[in-house]
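Taking mature numbering (1 follows the signal peptide of the UniProt record, and there is no 0), I'd label the letters of the sequence shown as residues -23 to -1, 1 to 339.
Below is one structure; the comments refer to it alone.
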Amino acid sequence: MEFRSVFLLTFILYCFSDSPVLGEDASNWMSNHNDILGRRSLKEICIPGSHDSGMSTLTKSTALADSCNVLTQKFPIKDQLQFGARYFDVRPVLDNGEFVTGHYIKLVGSHYQGGNGQSIKSILDEINNFISTQNELVLVRLSKSLNTQKSRPFDSDEWERLFQMLDNTKNLFSTPDETICLPEVTLDEFTNNGTKGAVLYIIYETGVHLGARLGNGYFYYSNLDPYSKYSNTHDLNAMMNDQIQKMKDNSRKKYFLLSWTLTQGFMNSAFCKLGIGGKSIEKLSEEANRKLKAIVPKVNSNAFPNILYVDYIQDSSVLETVMEINNRIDHPAPVSKGTLFKNDPLVYIVLLINLFRYIQTF
């Protein structure tokens, strides 16, 4: 009898589970569902995005910076990839001759405050290790460059030095079409029908000239051309309402990044640094990420995010929400096991009746 109860409970949990990636390896979720997702364009897929992706560690900081107001992730990019993230916000910094990531804000004049995170070399190695074994699509946005010694964005020579390092990325996606609209490309086209991983660098900074690299792993932001506007508030309800409304108004027309992030503001940032209260970025992310599922009922085939952009990706829970979103987009077949019978309760009834009959034979 005990065995029958466990068997029945397992079956029910499987069928009614709200986790569409139950028992699934989040590191290869795209290739796992390539039979369905492969024929969809990038505009028809939702993917997890990581905000300020390199800031899981603080290796150097200015006077006003601290882990509470600089760190935006708990784990390095290698783990974020394993948790299912496929869009990365990398902000390159040149500090004492080394390319690292950074999280800085510009104060009065040309003075910057913030700190350094993962090195670009470590990120490159982690992406290469991942893409060597996984047939997934990885998008890396490069923006907000900073030369800390000169308090300015990169010049053309510094960008060239960075690109020469990134040229060693494996499986850079290439196309002869320099004006390509990336959201119109299917996942199969990116990954050679699910047989090869693909990495793209999206350059979001004016004045950068890609030259011969354009179309060979490197693309301008205009090639992706997303709608991306964060709410700039630490108020959870205000952020939720703002982002969901922006999704309803804009996602049908544009490749849409939904920024499910809360912004500290001056008071929280200063007080947490001084140790006299104030919410850290991590604390704010906990509030936001607890409410991530609130997006799902608002989604349909006419209003959905293409990138679900968050702080502190710590497990596959963001991917779970993403897969629920992908299932709500009108397509001929469901994407994941966890929602296999969700829209047909009669199937549940028939299965349960037959299951009870089967159990009674033990």
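Cβ coordinates follow ideal geometry from the N, Cα and C atoms, glycine included.
Sequence-distant residues of the same chain with beta carbon closer than 8 Å to residue i, five excluded per side
i, result
"Thr168", "Met7, Ser8, Asn11, Gly15, Asn112, Glu113, Leu114, Gly174 and Ala175"
"Glu259", "Cys45, Leu48, Lys51, Asp288 and Tyr289"
"Arg63", "Met7, Ile24, Pro25, Gly26, Glu113, Leu114, Val115 and Leu116"
"Lys98", "Phe76 and Met142"
Beta-carbon proximity of residue i to residue j, cut-off 8 Å
i, j, result
"Val276", "Leu285", "no"
"residue 355", "Ile82", "Since the first and last residues shown for the chain are -23 and 339, residue 355 lies out of range."
"Ser4", "Gln59", "yes"
"His80", "Met32", "yes"
"Glu103", "Pro53", "yes"
"Met216", "Thr210", "yes"
"Asp219", "Ser208", "yes"
"Leu213", "Glu264", "yes"
Residues sharing a beta bridge with residue i, DSSP
i, result
"residue 349", "Outside the modelled stretch of the chain, which goes from -23 to 339, sits residue 349, for which no answer is possible."
"Ala280", "Asn277"
"Val287", "Ser27"
"Ser151", "Asn193"
"Pro69", "Thr78"
"Phe233", "Tyr204"
"Arg118", "Asp66 and Ile179"
"Arg129", "Asn124"
"residue 342", "Summary: the structure shown does not reach residue 342, with the chain confined to residues -23 through 339, and so no result is reported for it."
"Lys37", "Asn93"
Distance between beta carbons of residue j and residue i, contact taken as under 8 Å
i, j, result
"Asn200", "Thr146", "Not quite, the Cβ-Cβ distance comes to about 17 Å (not below 8 Å), so this is no contact."
"Met224", "Ala280", "5 Å"
"Leu239", "Pro25", "Their Cβ separation, rounded to whole angstroms, is 17 Å, which puts Leu239 and Pro25 out of contact at 8 Å."
"Asn283", "Ile22", "7 Å"
"Pro160", "Leu19", "5 Å"
"Asn46", "Gln291", "In fact, because the Cβ distance is near 19 Å, the residues do not count as touching under 8 Å."
"His88", "Ser38", "In fact, because the Cβ distance is near 14 Å, the residues do not count as touching under 8 Å."
"Thr125", "Asp72", "5 Å"
"Gly192", "Ser133", "Wrong, their Cβ atoms sit about 19 Å apart, outside the cutoff."
"residue 416", "Arg17", "Past the edges of the chain, shown from -23 to 339, lies residue 416, and the structure says nothing about it."
Contacting residues, own chain, Cβ-Cβ under 6 Å from residue i (five flanking each side not counted)
i, result
"Thr36", "Asn93"
"Val77", "Val70, Asn93 and Ser96"
"Gly61", "Ala3, Trp6, Pro25, Ser293 and Leu296"
"Ser30", "Ile54, Phe65, Asp66 and Val67"
"Ser44", "Leu35"
"Gly171", "Ser8, Asn11, Gly15 and Asn112"
"Glu137", "none"
"Gly255", "Asn245, Phe248 and Cys249"
"Tyr195", "Tyr178 and Leu187"
"Ser236", "Tyr207 and Tyr286"
"Pro130", "Ser122"
Neighbourhood of residue i by C-beta distance below 7 Å, restricted to the same chain and skipping five residues each side
i, result
"His28", "Thr49, Asp66, Thr238, Tyr286, Val287 and Asp288"
"Tyr198", "Ile179, Ile180 and Tyr181"
"Asn148", "Ile108, Lys173, Gly174, Ala175 and Val176"
"Pro309", "Confidence at Pro309 is low in this model, with a pLDDT of 38, below 50, so its placement is unreliable and the value that follows should be read with caution. For Pro309, where only same-chain residues beyond five positions count, there are no Cβ hits under 7 Å."
"Ala42", "Gln90, Gly91 and Gly92"
"Leu84", "Gln90"
"Glu75", "Ser96"
"Leu(-11)", "With a pLDDT of 45 at Leu(-11), under the threshold of 50, the predicted position of this residue should be treated as unreliable, though the coordinate-derived value follows. If we look at Leu(-11) and ignore the five residues flanking it on each side, it has no Cβ neighbours."
_Whether or not the region 265 to 283 and the region 247 to 254 are in contact is what I'm after, with contact meaning three or more pairs of Cβ atoms, one per stretch, closer than 8 Å; do they touch?_
no
*Three or more beta-carbon pairs under 8 Å between the region 116 to 127 and the region 64 to 73, yes or no?*
yes
*Per the contact definition of three or more C-beta pairs closer than 8 Å, is the region 226 to 240 in contact with the region 201 to 215?*
yes
*So, do the region 153 to 164 and the region 178 to 197 have three or more beta carbon pairs nearer to each other than 8 Å?*
yes
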